[in-house]
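>
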Amino acid sequence: MKIFIGYDPSYETDIDAKVCWGSLFKYGHDVKFIDKRMVENIGYNRVDEDGATAFTYTRFLVPLLCGYEGTALYMDSDFVWLVDPLELMGYFDPRCAVHVVKHDKMPVRSKTKMNGRAKNEYYPCKWWSSLMLFNCSHQKCKRLTADYVNLAGPDALHRFAWAGMPDVAELPVEYNYLVGYYGDDIFPKALHYTDGTPFYQEYPEGTPYVGQWREFA
24 MKIFIGYDPS YETDIDAKVC WGSLFKYGHD VKFIDKRMVE NIGYNRVDED
74 GATAFTYTRF LVPLLCGYEG TALYMDSDFV WLVDPLELMG YFDPRCAVHV
124 VKHDKMPVRS KTKMNGRAKN EYYPCKWWSS LMLFNCSHQK CKRLTADYVN
174 LAGPDALHRF AWAGMPDVAE LPVEYNYLVG YYGDDIFPKA LHYTDGTPFY
224 QEYPEGTPYV GQWREFA
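Numbering (my numbering), first residue to last: 24 to 240.
#1: Helix, strand or coil, according to DSSP, for F183 in the structure here?
#2: Going by alpha carbons, who is nearest to L47 out of V106, D218, A77 and P177?
#3: What are the residues that DSSP puts in a beta bridge with I28?
#4: Rank V202, A184, F78 and L214 by C-alpha distance to the C-alpha of P32 and give the top, closest one.
#5: Give the straight-line distance between the Cα atoms of T220 and G66, rounded to the nearest whole angstrom.
#6: So, under 8 Å CB-CB, L167 and L194 are touching, yes? Tell me the CB distance rounded to an integer number of Å.
#7: In the DSSP output, what is W104 paired with across the bridge?
#8: Taking Cβ positions, are A186 and N199 nearer each other than 8 Å?
#9: Thinking just about the alpha-carbon of each residue, which of D39, T94 and Y30 is nearest to the one in K59?
#10: Can you tell me where the beta strand (DSSP E) holding V121 begins and where it ends?
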């Protein structure tokens, strides 16, 4: 299983990506950052809309980057892993194109994140594409060409129109635990600081799971 982290070099720091990488490195994985310069070499030339990050769309190029072979895990840079992500292969369904945590509808806590640089608003399937286990050789994944990702609307990509819901398999919520949204009734295996890591915002003293991020900072 190949592992990719979304990366945005335009931000003043890449600390989030380094923290995420550090939480994976201890399990011995070879992790790649999806740098926009990397995907420009395979024909990606989409102009990012206002409020989008550099990896808003580049994440969907993972199957192409893998030559449409094997399995690959994509995650946003604001994750911290508490277990070996290889556990996810226990939920892999070869009949499906992609595997995600299918979060229920929840109101967002703020309208922006990352010090106001990125929009934060609810839409159907929100947070689903923040962690994706791709079956890269699946015929539906082969639709994710550079041309398609350049031109497809955000809804078609992030709501998985390219795959169709029957080919979107479900992963347990423990692997995409939204810090600040989920409670202690869920034992997290991967923490997702979706509204901002402790680098971007002050968390009240005693807030759960702040220490886990700082461990790798």
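Note that the Cβ used here is the ideal one computed from N, Cα and C, for glycine as well.
So, from the listed chains and residues:
#1: In this structure, F183 counts as coil in the three-state DSSP scheme.
#2: Of the listed residues, the one whose Cα sits closest to L47 is V106.
#3: Looking at the DSSP output, I28 bridges to F56 and M98.
#4: Nearest C-alpha to P32: F78.
#5: If I take the Cα positions, the gap works out to 32 Å.
#6: The pair is not a contact, with the Cβ atoms about 19 Å apart (cut-off 8 Å).
#7: Bridge partners of W104: A213.
#8: The Cβ atoms of A186 and N199 do not sit closer than 8 Å to each other.
#9: Minimum Cα distance to K59 is reached at Y30.
#10: Here the beta strand (DSSP E) through V121 covers V121 to V123.
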